[in-house]
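There are 2 protein chains.
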Amino acid sequence: MTSITEVARLAGVSTATASRVIGATGYPVSAAARQRVLDAALALDYVPNALAQGLLKSRIAVVGVIVHDITDPYFAEVVRGVEDGAAADAYLVITCSSDRDPQRENSYVRLLRSMRAAAVVFAGSGLDDPMRNEELARHLDGLRANGAAVVHLSPHAFGAPEVGVDNVAGIAAMVAALAGMGHRRIAFLAGPPALYVARERLAGYRRGLVEAGLEPDASLIQHGTFDADGGAAAIDALRAGGPEFTALCCANDLLALGALRRLTELGVDVPGRISVAGFDDISVARMTAPPLSSVRLPLRELGRRGYEHAMRQLAGVAPARILLPTQVMLRGSTASAAPS
Amino acid sequence: MTSITEVARLAGVSTATASRVIGATGYPVSAAARQRVLDAALALDYVPNALAQGLLKSRIAVVGVIVHDITDPYFAEVVRGVEDGAAADAYLVITCSSDRDPQRENSYVRLLRSMRAAAVVFAGSGLDDPMRNEELARHLDGLRANGAAVVHLSPHAFGAPEVGVDNVAGIAAMVAALAGMGHRRIAFLAGPPALYVARERLAGYRRGLVEAGLEPDASLIQHGTFDADGGAAAIDALRAGGPEFTALCCANDLLALGALRRLTELGVDVPGRISVAGFDDISVARMTAPPLSSVRLPLRELGRRGYEHAMRQLAGVAPARILLPTQVMLRGSTASAAPS
DNA sequence: GGACTGGTAGCAAACGTTTACTGTAGGGTG
DNA sequence: CACCCTACAGTAAACGTTTGCTACCAGTCC
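Sequence order for the protein chains is A and B.
So the first sequence is numbered by our numbering: it starts at 1 and just counts up by one.
So the second sequence is numbered by our numbering: it starts at 341 and just counts up by one.
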């Protein structure tokens, strides 16, 4: 493991000079010495020790991303976006799948603190859980005390995300689109009530209904887990409950995919009998049959902007909050309401 | 940013004693001193500096995973598996999406070397590209010279994976299953010819044909990119070429999903007219209509075992190679060959 | 009573960098 | 010629740990 000391020795200079050449600082070094150092570094296959550098700076070129589960396409996209930004600066990205378990999340944050990660990006939504949030608050303070940047990409207990997505407008736009197709009874799969992002989306649904002049009906709203199984279960619950509806709007794509699968199993014609719409527009949405109508979220961009926001924080600028726009994508899973 | 020095001062002991308490080494410390140190650490919210520890050990508790693209469900699963293993040891996982670009891969490996990552897991397959492989060989040597463990999860230029999946047997089993349904003309979407893993899967296809007593026919094999667009394009090419076939076996699920989508667009009945089978069994496979028959790969386990293999390398044991078994999952996209 | 032993504790070096500070030489300026 | 400034080079301290070595103390054994 070659160190800068050996490079300096081979080049016949002090470690200071070697460091100044390698680090490409502006400090003046004679052309001859510079060349000798460069040659030596190449000959010895010298790679600087980031730990030593980090120790000195109390910060290493690493960003942690806390996600629910990297296996969830939503988060994979976001992480990729963070990576895109990071790669440009030679930063590395640490992925932390917390499964929304407060304990795991805390232990990840602690590890990131211990390695002096330059920034921590919370990709997922916060959970309304006083116990958890108190502990989280302590950790956030700790992170910031360590000089790390903290960025949220979803609403959380302590406020709005620094960089986020306009969930309310997005869902409202989808509801408007469905209403525009003649749907009057639009059910909603809302996900877990404790998840702040799910609440925002529910609010978007309500706003969409109001704007379309439709009557809210609590029996049309189903809560549950935020994944495909939750979507399937919600279908069963809705059908058991008996409310009539011709369209189903979902708080995310996984719910919609699960609902779609269950409806297909039950022999319900989509979109003939029921239109189904998702939210997030993960890449799978295009691959189902029928392809899923959804609301496109610029997830990769969200990640990249989150990274950039963090870097600006580190640079001392306090950047403005950003809400990225969404886009309704109508595909085969939605159609005009059948004339009743 | 509290250091162990402050903890020691508050506890009224030397840093050595504080370190021995915090580090939970076996070194004897009196109960009184131990308690004072613990109290001080808690009061100051002390978090050890992993950079300083790493500097001393020339190694930090971090594993890098080189993937093609974290957005590809195959790799997301593998990364999650690595995370599962790592979490148990309080290791962190760095995700590196190289897009199979040699230059990006090399720069990631260099960064991982610079931070003295304890291990690097290459999740994706190698590419038959002499230039690239020469440079990669240098980096692997560098990694090992740094004392890092190196694990491959797919075949690569320098040999078989330390922990892998039985691609040949897997595809052969699927071909056998299709043949068992009466299919005699089975086409194959093979992916990029330069990718070692694609070659293995092609070999599995050939072996499956031979074992089923079927005639190989080069016109039934389509190469292309390893994603959904590649699958769609391959369908067009096959249909333009005109060879008859009743079943389509794909070297991975993304190819199959793209093929399925294109066939649906073209109004071809799946599985009535053509059976379609994928490989990998990513979670989306269950969500398409019809649900995709595929070969289940224990991807998450692959990642976890890869991590464990790396840890054993670090511990000085030279563990045996492992080939994980696969499982054919028959779903709605495959059916008996129509009597011709 | 002296030597030894075992349990604790601390000193200080080492890991690989960066950088403030000091030093030196040479050239320009008054 | 004296002075100062600039360009370059080196010394050494500092970052926060861990750990080998030494030191102290109280028993214990002969």
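Quick reminder that beta carbons are idealized off the backbone N, C-alpha and C, glycines included.
Under the three-state DSSP convention, the category residue i falls into
i	result
B:V433	strand
A:A183	Going by the sequence as given, residue 183 of chain A is His instead of Ala. Three-state DSSP puts A:H183 in coil, outside helix and strand.
A:G159	strand
B:S615	strand
A:M1	coil
B:G504	strand
B:A608	The question names Ala, but residue 608 of chain B in the sequence shown is Val. Three-state DSSP puts B:V608 in coil, outside helix and strand.
B:D481	helix
B:D621	coil
A:A234	helix
A:L127	strand
A:L190	Reading the sequence as shown, one finds Ala at residue 190 of chain A and not Leu. Three-state result, A:A190: strand.
A:V328	strand
Contact check, residue i vs residue j, beta carbons under 9 Å
i	j	result
A:R113	A:A148	yes
A:A123	A:G272	no
A:S294	A:G182	no
A:I221	A:A190	yes
B:V407	B:A380	no
A:A187	A:G231	no
A:A203	A:G224	no
B:R601	A:A338	no
A:V165	A:L136	no
A:R116	A:G54	yes
B:A426	B:L467	no
B:A587	B:R636	no
B:T342	A:S283	no
A:E347	A:P319	Within the shown structure, residues of chain A are numbered from 1 to 340, placing residue 347 of chain A beyond reach of any answer.
B:R541	B:V508	yes
B:A591	B:Y545	yes
B:P583	B:S615	no
Start-to-end residues for the alpha helix (DSSP H) that takes in residue i
i	result
B:F462	No alpha helix (DSSP H) contains B:F462, which is instead part of the beta strand (DSSP E) from A457 to F462.
A:V175	N167 to G180
A:A87	P73 to A88
B:I561	First-last for B:I561: I561 to H563, but that is the beta strand (DSSP E), not the alpha helix (DSSP H).
B:S447	P442 to S454
B:V361	T355 to I362
B:L534	The question names Leu, but residue 534 of chain B is Ala in the sequence shown. Counting along the chain, B:A534 falls outside any alpha helix (DSSP H), and DSSP gives it neither H nor E.
B:V490	Segment A489 to H492 is the beta strand (DSSP E) holding B:V490; no alpha helix (DSSP H) there.
B:E584	Looking at the DSSP string, B:E584 is not in any alpha helix (DSSP H), and its letter there is neither H nor E.
N-terminal and C-terminal residue of the beta strand (DSSP E) that residue i is part of
i	result
A:I322	I322 to L324
B:V403	I400 to V407
A:L248	A247 to C250
B:A558	It is not in any beta strand (DSSP E) - B:A558 carries neither H nor E in the DSSP assignment.
A:S294	S294 to R296
A:A335	Counting along the chain, A:A335 falls outside any beta strand (DSSP E), and DSSP gives it neither H nor E.
Where residue i falls, given that 16 or more other Cβ within 10 Å makes a residue buried
i	result
B:Q375	exposed
A:G170	buried
A:D99	exposed
A:G278	buried
A:A160	exposed
A:L257	buried
B:A383	exposed
Through-space distance from residue j to residue i, alpha-carbon basis
i	j	result
B:S437	A:C249	33 Å
A:D253	A:A228	8 Å
B:P388	B:I344	7 Å
A:L292	A:M329	9 Å
A:I22	A:T15	10 Å
B:L378	A:N146	21 Å
B:G548	A:T326	47 Å
B:G482	A:S58	26 Å
B:A373	B:G352	8 Å
B:L451	B:D557	46 Å
A:R138	B:D385	9 Å
A:A233	B:M627	15 Å
B:Y647	B:I662	13 Å
B:E641	A:T264	31 Å
A:M311	A:A119	8 Å
B:F566	A:A172	37 Å
B:R472	B:V418	24 Å
A:V63	A:L140	15 Å
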